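Residues in the sequence shown are numbered consecutively from -11, following the working numbering.
Worksheet for the structure shown next.
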Amino acid sequence: MPINYYIFLAVALFSIGVMGVLTRRNAIIVFMCIELMLNAVNLLLVAFSKMHHATALAGDAATMVGAEAQLFVFFIMVVAAAEVSVGLAIIVMMYRNIHSVDINFLNRLKH
-11 MPINYYIFLA
-1 VALFSIGVMG
9 VLTRRNAIIV
19 FMCIELMLNA
29 VNLLLVAFSK
39 MHHATALAGD
49 AATMVGAEAQ
59 LFVFFIMVVA
69 AAEVSVGLAI
79 IVMMYRNIHS
89 VDINFLNRLK
99 H
């Protein structure tokens, strides 16, 4: 499959994530959109890694070039899981204290 399809899909997913972060007020939806943007970047990393690996295979059949990006994607997914757990814990504590998950309400807590 051509890499153009992967790029188009990743750009579409990233754009949906950006629009969700900028327009939504619910903290859970904002976190979901951030995860969507991270997954779009992961998709691009894997697609470019596969493309780079395919071009390296043409020169040397025993090469492992291009596998580093897939390892990097794994670590991004681990960090994203940790981010979600901390973010959801913050949202739960916010809901317990103010009975709302509206992020606009957090601006009023500054003063």
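Even glycine gets a Cβ: it sits at the ideal position worked out from N, Cα and C.
What you are looking at is a predicted structure, and each value in this text was computed from that prediction instead of being measured.
- Between Met81 and Val89 the beta-carbon gap is near 11 angstroms, outside 8 angstroms, which marks them as no contact.
- With contacts defined by Cβ atoms closer than 9 angstroms, Asn27 and Leu59 do not form a contacting pair.
- Under the three-state reduction of DSSP, Asn92 is assigned to coil, being neither helix nor strand.
- Between Gly8 and Ile16, the gap from beta carbon to beta carbon reaches 9 angstroms or more.
- Nearest to Ala35 by alpha-carbon distance, out of Ile64, Ile78, Glu71, Met(-11), is Met(-11).
- Judged by DSSP secondary structure, Arg13 falls outside any alpha helix (DSSP H); it is assigned neither H nor E.
- Separation of Met65 and Glu56 (C-alpha to C-alpha, rounded to the nearest whole angstrom) is 14 angstroms.
- Your pair Val61 and Leu33 checks out as a contact, with CB atoms roughly 5 angstroms apart and the cut at 8 angstroms.
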